[in-house]
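Student: For what it's worth, the working numbering labels the leading residue of the sequence shown as 35, then goes sequentially.
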Amino acid sequence: MALQCRSDKPSRFIPGEFFQVIACFFLATGLALSPLLAAESGPTAGCFPVNEATSNLAGATKITFLYFNDFHGALEEDEKAGYGIARMVKAANDIRNENKKDGIPTYLVTSGDFLQGSLLSNEFKGEIEAACFNNMMLSYYNIGKHEIDFGLNNLWDLQKKITAPCVTANFEINDKPIGKPKIIQLNGLSVGLAGLVKSAHFNSAGLKIDPRHLRYVKVTDEFDAAKKVVDKFQAEGVDLIIFLTYLGIENDKLLARKVPGINIIFGGDSKDSTQTCTKEGDTHIVRTDPKGRSLGRVDLALRERKLEAIRARLIPLDKTVKPDPQCAHLIELKKRPLEKMLTEKIADNDYFLDGEEKSIRNNETNLGDLICDALKGSCQADAAVFNSGGIRKSIKAGGVSIGHIYETIPYLSNTAVILDMSGSQICDALNLSATKIKTGGFLQVAGLKFTLIPNKGVRDIQVNGRPLDPAKMYKVVTSSFLVEGGDGYLLLKDIKEDHRRYDYRKLTANIIEYIKDFYGSKGRHIDYRNSQARIIPAK
């Protein structure tokens, strides 16, 4: 009988079902369960396809893969993320040590986007992640789009710090591959691993990175690259083919359909793990929760160089897992010099400032208004526009600190750019924004007011209370990311150089300085209870 995959919905098991499932698995595989996982239930019990024709896998070759994806710099405990990387380190090391007693090799892999998302990660640009990855003996990694947020040289430096090899197969910098596929030789078996990053993130239409990097970066089509890798692996007699991907679940499924021969995909570019295992043809697809909320575990059994059994599930990284002391100590040491500066309050805010993705990518919000007001004011422009994808976190009522702003606007390489734009060009930009609702390309604004027709366009545009004049020139401040064509704003990229003025202060620093001067130093409170009614939904 062919290998089968069953994906259980993440619902609560009743005790009888749970023990029946566990008994079934152990009778079929003979695999030992680590004490760390002995109490797993509910959402952590995922997918375990088993060859039902096999009653005993004693003597089969057993391998464990641990995996995580979309970590996004979740180094510390966070109420909306997980419980910090120190717990992941402890969980991974415990499983590896337990498996070692039974002679089962353990490999730890990540599928990309392990940087960008927390103040500590951004300040040290991946240095802490690299140290923790080495502590937890990361085996192989793939990159995502955010690994180059701090520049290409920083990525090269990170590769020197991380002892694990990069296996990304379709990404080059200056014609030099960032990684290459690997083949592991194991007890007479050969296991091939390769990584893929989504090429659409790096083309001009769907650009998700700082466009300034494009002149040095080449990302080949992921499906073409995968086909070449699989063909090479098969020609070399590889028994088990594994891909680490930063493509998103739907593209992982497409990859499985378009490129036969892949046994397992450890996926990334995902916001959830509602199914811990999906089967597409003969390919098993797994992924974890983002931001370190869980660690994935796949136990494999192979006989006669063929995959005989597989079980995938998630281990919640909550307070039941103790932090690794060495990793926790490193994070504490790195935090201390920053705390005084970052906790400095620059203003009082009377209301919650909404930067939630579901809000800010669909509507004007009070936080979007504040950021655009600060940009407009700091650069003395007629108007400001800012992509919602550049705003990553809300700010609670009470007080705004320097750290809050850095967490809210973490893309530290961004600078402010003042553009001379005609009214007609402003109209074109706002019409484009209307088509980008629900995405990071939806614009927050200051100095502008208009009616929004979602997914179609805008009308009744005003600039500082007066009707937009299509022929008049206006000063519009925005980010260097958008000016270089980010989020598909090629119309801004096309604005001639003599119509641009660069403010080489970092954009986040501009906003901090403005809020501190306009509010904190003058004793004013940020009193944006709601959004300021600049973007009016059409009735």
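Glycine residues also receive a C-beta, built at the ideal position from the N, C-alpha and C atoms.
What residue from 216, 224, 197, 177 has the CA that sits closest to residue 253's CA?
Tutor: 177
Student: Counting only runs of 3+ residues fully inside the segment 213-238, write out the beta strand (DSSP E) ranges in chain order.
Tutor: The segment 213-238 contains these whole beta strand (DSSP E) runs: 216-220, 223-231.
Student: Just the C-alpha distance for residue 150 and residue 134, rounded to the nearest angstrom, thanks.
Tutor: 33 angstroms
Student: Is residue 563 buried or exposed, if buried means 16 or more other CB atoms sit within 10 Å of its CB?
Tutor: exposed
Student: To the nearest angstrom, how far is the alpha carbon of residue 407 from that of residue 534?
Tutor: 20 angstroms
Student: Report the CB separation of residue 223 from residue 274 in whole angstroms; it is logged as a contact under 8 angstroms.
Tutor: About 7 angstroms; that satisfies the 8 angstroms criterion.
Student: Would DSSP call residue 70 helix, strand or coil?
Tutor: Any answer about residue 70 is weak, because its pLDDT of 29 lies below 50 and its placement is not dependable; what the coordinates show is given next. When DSSP states are grouped into helix, strand and coil, residue 70 belongs to the helix group.
Student: Between which two residues does the alpha helix (DSSP H) holding residue 360 run?
Tutor: 359-376
Student: With three or more C-beta pairs closer than 8 angstroms as the rule, is the segment 427-435 touching the segment 448-460?
Tutor: no
Student: Report yes or no: do three or more beta-carbon pairs, one from the segment 410-418 and one from the segment 470-487, lie closer than 8 angstroms?
Tutor: yes
Student: Could you check if residue 256 is buried or exposed, using at least 16 other CB atoms within 10 Å of its CB as the buried criterion?
Tutor: buried
Student: Would you decide whether residue 215 is buried or exposed? Buried here means 16 or more other CB atoms lie within 10 Å of its CB.
Tutor: buried
Student: So if DSSP puts residue 95 in a beta bridge, which residue, or which two residues, is it bridged to?
Tutor: Answer is 336.
Student: If contact is defined by three or more beta carbon pairs under 8 angstroms, each pair taking one atom from either stretch, is the segment 318-337 in contact with the segment 170-188?
Tutor: no
Student: Taking its Cβ as the centre, do 16 or more other Cβ atoms sit within 10 Å of residue 180, making it buried, or is it exposed?
Tutor: buried
Student: Within a Cβ cutoff of 6 angstroms, which residues of the same chain sit near residue 71, ignoring the five residues on either side of it in sequence?
Tutor: With a pLDDT of 29 at residue 71, under the threshold of 50, the predicted position of this residue should be treated as unreliable, though the coordinate-derived value follows. Taken in chain order, the list of residues that qualify is empty.
Student: Is it buried or exposed, residue 531, if we count other Cβ atoms within 10 angstroms and call 16 or more buried?
Tutor: exposed
Student: Just grab the DSSP bridge partners of residue 482 for me.
Tutor: 497
Student: In chain order, what residues of the same chain lie with their CB nearer than 6 angstroms to the CB of residue 120, ignoring the 5 residues before and after it?
Tutor: 357, 358, 361, 362
Student: Which word fits residue 122, buried or exposed, when buried means at least 16 other C-beta atoms lie within 10 angstroms of its C-beta?
Tutor: Buried: at least 16 other Cβ atoms inside 10 Å.
Student: Residue 282 and residue 104 - do their beta-carbons sit closer together than 8 angstroms?
Tutor: For residue 104 and residue 282, no; Cβs fall outside 8 angstroms.
Student: From this set, 163, 132, 137, 560, which residue's C-alpha is nearest residue 385's C-alpha?
Tutor: Nearest C-alpha to residue 385 among 163, 132, 137, 560: 560.
Student: Applying the criterion that 16 or more other CB atoms from any shown protein chain within 10 Å of the CB defines a buried residue, is residue 350 buried or exposed?
Tutor: By the neighbour-count rule (16 or more Cβ atoms within 10 Å), residue 350 is buried.
Student: Does residue 423 pass the burial test, meaning 16 or more other C-beta atoms within 10 Å, or should it be called exposed?
Tutor: With 16 or more Cβ atoms within 10 Å of its Cβ, residue 423 is classed as buried.
Student: Can you tell me which of 208, 556, 316, 425 puts its alpha carbon nearest to the alpha carbon of residue 473?
Tutor: 425
Student: By Cβ distance below 6 angstroms, which residues in the same chain neighbour residue 401 in space, the five residues on each side in sequence not counted?
Tutor: 387, 388, 389
Student: Verify whether the separation of the beta carbon atoms of residue 548 and residue 412 is less than 8 angstroms.
Tutor: yes
Student: Look at the alpha carbon of residue 447 and the alpha carbon of residue 235, and state the distance between them as a whole number of angstroms.
Tutor: Straight-line Cα distance between these residues: approximately 18 angstroms.
Student: Is residue 41 buried or exposed, if buried means 16 or more other CB atoms sit within 10 Å of its CB?
Tutor: Residue confidence for residue 41 is low, a pLDDT of 36 falling below 50, so the modelled location carries little weight; the figure read from the coordinates is stated next. With 16 or more Cβ atoms within 10 Å of its Cβ, residue 41 is classed as buried.
Student: Quick check: the Cα distance between residue 502 and residue 314, rounded to an integer number of angstroms?
Tutor: 52 angstroms
Student: Compare the C-alpha of residue 166 against each of 251, 470, 198 and name the closest.
Tutor: If we check each option's Cα against that of residue 166, 198 comes out closest.
Student: Counting pairs of beta carbons, one from the segment 95-110 and one from the segment 136-145, are three or more of them closer than 8 angstroms?
Tutor: With a cut-off of 8 angstroms, the segment 136-145 and the segment 95-110 count as touching, because enough Cβ pairs lie within range.
Student: Taking C-alpha atoms, which residue in 261, 211, 270, 278 lies nearest to residue 251?
Tutor: Cα-wise, what sits closest to residue 251 is 211.
Student: Could you compute how far the alpha carbon of residue 267 sits from the alpha carbon of residue 213?
Tutor: 16 angstroms
Student: Rounded to the nearest angstrom, how far is the Cβ of residue 511 from that of residue 372, given a contact under 8 angstroms?
Tutor: Residue 511 to residue 372, Cβ: 28 angstroms. No contact.
Student: Just the Cα atoms here: how many angstroms apart are residue 187 and residue 226?
Tutor: 28 angstroms
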